[in-house]
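Residues in the sequence shown are numbered consecutively from 580, following this note's numbering. Glycine residues also receive a C-beta, built at the ideal position from the N, C-alpha and C atoms. On a predicted model such as this, the values are computed, not experimentally measured, just so you know. Notes follow the structure.
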Amino acid sequence: MNAQELIFTARELVADDKGLLAMDESNPTCNKRFAALGIPQTEDARRAYRDLIITTPALCDSISGAILYDETIRQQTKNGTPFVRAIIDAGIIPGIKVDTGAKDMAGHPGEKVTEGLDGLPKRLAEYAKMGARFAKWRAVIAVGDGIPSRDCIEANALALARYAALCQEAGLVPIVEPEVLMDGAHTLGRCCEVTEEVLGRVFNHLRSQPVMLEGMLLKPNMVVPGLAFPTQETVDEVADATVRCLLRAVPPAVPGIAFLSGGQSAELASARLNAMNVRFKSQLPWALAFSFARAIQQPALAIWRGEDEHVAAAQRALYHRARCNQAARRGEYDAAMERE
Ligand code: 13P
Numbered sequence: 580m581n582a583q584e585l586i587f588t589a590r591e592l593v594a595d596d597k598g599l600l601a602m603d604e605s606n607p608t609c610n611k612r613f614a615a616l617g618i619p620q621t622e623d624a625r626r627a628y629r630d631l632i633i634t635t636p637a638l639c640d641s642i643s644g645a646i647l648y649d650e651t652i653r654q655q656t657k658n659g660t661p662f663v664r665a666i667i668d669a670g671i672i673p674g675i676k677v678d679t680g681a682k683d684m685a686g687h688p689g690e691k692v693t694e695g696l697d698g699l700p701k702r703l704a705e706y707a708k709m710g711a712r713f714a715k716w717r718a719v720i721a722v723g724d725g726i727p728s729r730d731c732i733e734a735n736a737l738a739l740a741r742y743a744a745l746c747q748e749a750g751l752v753p754i755v756e757p758e759v760l761m762d763g764a765h766t767l768g769r770c771c772e773v774t775e776e777v778l779g780r781v782f783n784h785l786r787s788q789p790v791m792l793e794g795m796l797l798k799p800n801m802v803v804p805g806l807a808f809p810t811q812e813t814v815d816e817v818a819d820a821t822v823r824c825l826l827r828a829v830p831p832a833v834p835g836i837a838f839l840s841g842g843q844s845a846e847l848a849s850a851r852l853n854a855m856n857v858r859f860k861s862q863l864p865w866a867l868a869f870s871f872a873r874a875i876q877q878p879a880l881a882i883w884r885g886e887d888e889h890v891a892a893a894q895r896a897l898y899h900r901a902r903c904n905q906a907a908r909r910g911e912y913d914a915a916m917e918r919e
């Protein structure tokens with residue numbers, strides 16, 4: 580492991596108020612999003628869609644890194660350029676999702692544990708050789724009656740830490756993603772409690788593996804009430820609760836926190852990130868950035884719908900969302916940007 584390179588890459592991923600574009604949906608997830616819009620669920624349609632994203636003009640103005648899926652990292656643009664090469668040429672750092680999915684946890688109904696540690700060193704070495712400089716692993720924590728259990732949090736936190744240590748050994752910056760899900764009718768207070776506990780366990784395991792905190796990024800959920808909870812707090816209340824929770828749980832050595840969007844609307848995700856930066860940016864030890872999938876891609880996907888003649892308009896929508904989120908990092912986003 581070259582510590583300086585890891586630190587450099589981790590910092591580069593959150594520099595200049597840019598953020599990450601998660602385009603690493605697994606085939607089943609990508610197909611589900613395509614099916615909802617009547618787009619054919621084929622390998623070529625997935626390739627064409629990722630081509631559209633990667634060739635968006637000037638995407639590197641606001642996007643520092645792109646997270647790919649195994650199928651995508653082996654594909655090429657329609658001109659025959661490998662996607663990794665096209666991303667690097669576009670001024671963006673390529674990354675790769677390396678977990679193999681969240682699976683039902685034995686003896687723990689309603690809970691999942693993320694798999695993918697078996698054979699991971701070999702896969703990491705292959706991805707690094709292909710040009711990837713960072714990786715991602717997502718754990719999911721459901722909130723409900725009697726869950727999450729301590730066992731589920733522990734199993735996922737340990738797997739995240741083992742993955743992160745292996746990444747650093749392979750020269751890849753690990754993005755550590757413990758996602759407390761928005762599904763359910765829990766309060767914002769409950770989300771805060773669970774998020775703080777999960778992050779606490781994750782950092783305990785990261786320290787004991789040991790993982791160099793300066794050479795990783797955290798990708799957490801924002802602290803929000805469950806989607807089915809009848810009242811939703813204001814943007815500022817969500818910003819306050821999220822930052823308070825992170826200040827308690829995330830060591831200052833971590834260079835950046837890049838949120839997932841988790842099913843929030845694109846506008847709300849931008850507004851909440853903006854509020855955090857308006858209210859707290861100058862007092863925080865880490866950068867507050869974004870690593871959105873749906874909140875950057877969804878408007879573009881809905882415009883594209885699998886049609887070649889919609890590519891340019893979809894790329895404009897993607898570029899716009901990326902710019903909105905860069906503005907949110909600066910605390911300069913406002914609803915008027917949505918009318919530009
Ligand atoms: P969303 O922003 O759509 O939650 O996706 C982020 C992600 O990378 C999930 O692993």
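Just curious, the alpha helix (DSSP H) that residue i is in, first and last residue?
i, result
"G598", "It is not in any alpha helix (DSSP H) - G598 instead sits in the beta strand (DSSP E) that spans G598 to A601."
Pick out whichever of the options has its Cα sitting closest to the Cα of residue i.
i, options, result
"I671", "A704, D678, T634 and Y648", "T634"
"Q655", "H687, R625 and V755", "R625"
"D724", "A744, G710, G698 and P688", "P688"
"D623", "Y898, P799, A850 and G885", "G885"
"E604", "L585, Y742, W716 and R712", "W716"
"R908", "K657, S849 and F782", "S849"
"Y548", "A734, S844, G680 and C731", "Shown here, the chain extends from 580 to 919; a query on residue 548 therefore has no answer."
"A914", "N853, I666, V663 and P673", "N853"
"A832", "K691, H889 and W865", "W865"
"A896", "P753, A637 and S861", "A637"
"D730", "A685, Y898, I586 and M855", "A685"
"D697", "E690, A669, Y742 and V814", "Y742"
Going by beta carbon distance, what residues of the same chain come within less than 7 Å of residue i, once the five residues before and after it are set aside?
i, result
"A820", "L767, C771 and V802"
"F808", "A764, H765 and T766"
"A582", "M791 and G794"
"A707", "A749, G750 and L751"
"E917", "E846"
"G644", "L592, L599, I671, I672, G674 and F713"
"L745", "L699, P700 and L703"
I'd like to know whether the C-beta atoms of residue i and residue j end up nearer to each other than 7 Å.
i, j, result
"L760", "V817", "no"
"G598", "A872", "no"
"A738", "T693", "yes"
"I882", "R900", "no"
"A589", "P834", "yes"
"Q894", "S641", "no"
The beta strand (DSSP E) spanning residue i covers which residue range?
i, result
"T651", "From DSSP, T651 is part of no beta strand (DSSP E) but of the alpha helix (DSSP H) over D649 to I652."
"I754", "V752 to V759"
"W716", "F713 to I720"
"I618", "Counting along the chain, I618 falls outside any beta strand (DSSP E), and DSSP gives it neither H nor E."
Which same chain residues end up closer than 8 Å to residue i when comparing Cβ atoms and leaving out the 5 residues on each side of it in sequence?
i, result
"R702", "V677"
Under 6 Å Cβ to Cβ from residue i, same chain only, skipping five residues before and after it: list those, please.
i, result
"H784", "A736, L737 and A740"
"L632", "It is Ile, not Leu, that sits at residue 632 in the sequence shown. The answer, listed in chain order, is M602."
Across which residues does DSSP place residue i in a beta bridge pair?
i, result
"D683", "K691"
Would the beta-carbon of residue i be found less than 6 Å away from any heavy atom of the ligand NAD?
i, result
"R786", "Judged by which ligands are present, the ligand NAD is missing from the structure shown, whose ligands are the ligand 13P."
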